[in-house]
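**Student:** Submitted below is the structure of interest, expressed as structure tokens.
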Amino acid sequence: MIEGRGILTRTLRLYLPLAVCLVAMLFPFYWMLITSIKPNSELYSARIMPLVVYHPTLKHYVDLLTQTNFLTWTYNTMLVAVVTTTVSLVLGTMIAYPLARMNFPGAAVVAIGVAATYLVPQPLLFIPMADIINKLELGNTLSAVMLTYPTLLIPFCAWLLMGYFKSVPRELEEAARIDGASRFQAMWRVVLPLTTPGLLSAGIFAFTLAQNEFLYALIFLSKSEVRTVPVGAITELIRGDVFYWGQLMAAALLGSIPVAIIYSFFVDYYVAGLTAGSVKS
Amino acid sequence: MAVRPEPIARPAPAAPRVLSRRSVLEREGAFSWLMLAPGVLFLLAFVAYPFFYGIWLSLQDRPVARAGVFVGLANFITLAHDAVFWQVTRNTFVYTAATTVLKLLGGLAMALVINQSFRGRGLVRAFLLLPFIVPTILSVVAWMWIFDPTFSVINWVLVHTGMISSGFSWLGNKSLSMVSIIIVNTWRGIPFYGITILAGLQTISPDLYEAAAIDGATIRQRFLHVTLPIIKPILIIVTMFSVIFTFSDFQIVYALTHGGPANATQVFVTYAFDLGMSGGQLGMGAAAALAMLPALAVVIVALTLYIRRDT
């Protein structure tokens, strides 16, 4: 009797809402997957039950890989994400470290400036930026996005890392300095190794943001060979009124996989980065 | 400030000049500014400069391919007399307000559900965060197909369960298109709220609940008087962040509706994009983008003050 009621309460309080959450959050991905493996005859039939696949096919994937520049877009996306993440992590560390651990004139101004650049959204800047990139004659080059993505990533990395750097006790650094380490050595050999989780969080988060970026890529990259996956998919797999749904879904799925893989390995660091700003314990 | 002990003198193979360079680097100010310089210069050149250049652009009549002519506030005056601009303002506020309320409530509910102990919780949490980490445009592609006028799966379900007789035109109807972008933004944002709030819930000591239970508090009272006060700072910060990024959203609206039909879902950024990029009027575009600054500035300043308050 009591057992039974326990299960009933648990179903109502846990399993049922949990199932609703999972279905609501994951259905679009299921939809992406099954649409990408449906033959066109099933895709464009209003009579067939759409929730399952009857004759799965890899045709859309083959078409995507052989008839479009998808592999080039993937290469571009990865290259840009890796380069901008690395640059941003290095420059972000170089900003965060002195702000978190040093006393020097001007620190407060720089700290506020970094917070402001982090919070001011990119849409305020994209029109002047388009004109600047144009004047630098960088249109349709990957340099254009490699130069602009760090404007989003550096403030984020710096802001996140400041918290991690502050958490390392000052005594450790001082002990190293008494032993003859220079300031740089104290940072490189003592503080940075202790903040590896923070560096990982910032790196993974920055990588995800770089993969997600769309506005600058859309404005600056109008030639197929330099496009990233999101821009390539939305501009070349939709031509006028014609949507290549199967290929679109295949591109969406394949394009999500790099982020998903990295995320699955480092999910705890990702969550730590996500919550670092809002949860202070 | 304490006097730092000199590093123990070692037989120095280095030349005196190198030693003195090193001693300069050991000063806090010099070391700090040398470290800061590259990043700060970069941000000055590519964030601060474009920001002020944008203000300058907004005061010009500036077609893409020609030199600009200074026109003062004419662009802003034109916007203020444009009915579309006011519709854009209204749309942006409706979009932001509706999604923020839904994300906050949905995220809170999600956090409370996952905060119960059960097997595989880590895995569930990882999966629930997927909408937030997958590149927005790529997940919106799936939603475009979900909202397709002919093959919408929502319509299929609604028609086949007999709830409606013929399918909705999700992206073609003025009110439904707003509902559609609100649904997608909420879907993508709930995990952000949920997982962040969950991290807050996990800092609450179980002792507090036990004490409250002993005092005879009901579940509702425990939530209102124990849980809510503790997670309040997190709720405020998450909400302000989300307001900033929803108010200036581009990707979801651009991909799903392009601001249509007939500007029914046009928001500030898609509008500025249409004027400045598609229309080639950089000055008007910059002005339309800057028009969202006053509202944004309130939230940005509030958030900066709020974060600094507890540090």
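Protein sequence lines correspond, in order, to chains A and B. Using my numbering, you'd call the opening residue of the first sequence number 49 and step up by one each time. Using my numbering, you'd call the opening residue of the second sequence number 269 and step up by one each time. Every residue, glycine too, gets a C-beta built ideally from N, C-alpha and C.
1) Go through the segment 84 to 159 of chain A residue by residue and report every complete run of the alpha helix (DSSP H) that reaches 4 residues or more, in order.
2) Would you identify the three-state DSSP class for residue 179 of chain A, choosing helix, strand or coil?
3) Does any residue of chain B bring its CB to less than 8 angstroms from the CB of residue 217 of chain A?
4) What are the start and end residues of each continuous alpha helix (DSSP H) run of 4 or more residues lying completely inside the segment 229 to 269 of chain A, in chain order?
5) Which partner residues of residue 382 of chain B appear in the DSSP bridge assignment?
6) Return the residue from the list A/72, A/109 and A/161 that minimises the CA-CA distance to residue 456 of chain B.
7) In terms of alpha-carbon separation, which member of A/189, A/278 and A/256 lies closest to residue 134 of chain A?
8) What residues in the segment 304 to 326 of chain A have a beta carbon less than 8 angstroms from any beta carbon of chain B?
9) Within a Cβ cutoff of 6 angstroms, which residues of the same chain sit near residue 469 of chain B, ignoring the five residues on either side of it in sequence?
10) Are the segment 531 to 545 of chain B and the segment 132 to 148 of chain A touching, with three or more C-beta to C-beta distances below 8 angstroms?
11) Count the other C-beta atoms from every protein chain shown that fall within 10 angstroms of the C-beta of residue 414 of chain B, then say buried if there are 16 or more, exposed otherwise.
12) Out of curiosity, what's the CA-to-CA distance linking residue 47 of chain A and residue 112 of chain A?
13) So what's residue 534 of chain B in DSSP terms, helix, strand or just coil?
14) State the start and end residues of the unbroken alpha helix (DSSP H) segment that holds residue 191 of chain A.
15) Note down, in chain order, all residues in the segment 418 to 436 of chain B with a beta-carbon under 8 angstroms from any beta-carbon belonging to chain E.
16) According to a CB-to-CB cut-off of less than 8 angstroms, which residues of the segment 545 to 569 of chain B neighbour chain A?
17) Quickly, what does DSSP pair residue 287 of chain A with across the bridge? List them, please.
18) Once DSSP output is grouped into helix, strand and coil, what is the label at residue 295 of chain A?
19) Go ahead and pull the three-state DSSP assignment for residue 337 of chain B.
20) With 7 angstroms as the limit, tell me which residues of the segment 246 to 260 of chain A have their beta carbon closer than that to any beta carbon of chain B; keep them in chain order.
21) Measuring alpha carbon to alpha carbon, tell me which of A/220, A/203 and A/87 ends up nearest residue 250 of chain A.
22) Nearest-angstrom Cα distance between residue 572 of chain B and residue 181 of chain A?
23) Anyone know if the C-beta pair for residue 125 of chain A and residue 259 of chain A falls short of 8 angstroms?
24) Start and end of the alpha helix (DSSP H) containing residue 649 of chain B?
25) Identify the contact partners of residue 574 of chain B in chain A, using a Cβ-Cβ distance below 7 angstroms as the criterion.
26) Run through chain A and tell me which residues come within less than 7 angstroms of residue 355 of chain B, C-beta to C-beta.
27) Do the segment 197 to 215 of chain A and the segment 163 to 171 of chain A make contact, defined as three or more Cβ pairs closer than 8 angstroms?
28) Taking 8 angstroms as the CB-CB limit, is residue 236 of chain A close to chain B?
29) Report the partner residues of residue 328 of chain B according to the DSSP bridge assignment.
30) I think residue 262 of chain A touches residue 279 of chain A, with their Cβ atoms under 8 angstroms apart; what is that distance to the nearest whole Å?
31) Looking only at DSSP bridge pairs, what is residue 489 of chain B linked to?
32) Which same chain residues, not among the five before or five after residue 291 of chain B, have their C-beta less than 6 angstroms away from its C-beta?
33) Between the beta-carbon of residue 464 of chain B and the beta-carbon of residue 323 of chain A, is there less than 8 angstroms?
**Tutor:** Let me lay it out:
1) 88 to 91, 107 to 115 and 118 to 149
2) helix
3) no
4) 244 to 260 and 263 to 268
5) Per DSSP, none; premise fails for residue 382 of chain B.
6) A/72
7) A/256
8) 304, 307, 308, 311, 312, 315, 318, 319, 322, 323, 325 and 326
9) 379 and 383
10) no
11) buried
12) Summary: the structure shown does not reach residue 47 of chain A, with chain A confined to residues 49 through 329, and so no result is reported for it.
13) coil
14) 190 to 214
15) Looking at the structure shown, chain E is missing, and the protein chains on hand are A and B.
16) 545, 550, 553, 554, 557, 558, 560, 561, 564 and 568
17) A/290
18) helix
19) strand
20) 256, 259 and 260
21) A/203
22) 30 angstroms
23) yes
24) With chain B represented from 269 up to 579, any question about residue 649 of chain B goes unanswered, as that position is not in the structure.
25) None at all; the shortest Cβ gap to chain A is about 11 angstroms.
26) Within chain A, no residue comes near residue 355 of chain B; the closest Cβ sits about 18 angstroms away, beyond 7 angstroms.
27) yes
28) no
29) B/338
30) 7 angstroms
31) DSSP output for residue 489 of chain B lists no bridge partner at all.
32) none
33) yes
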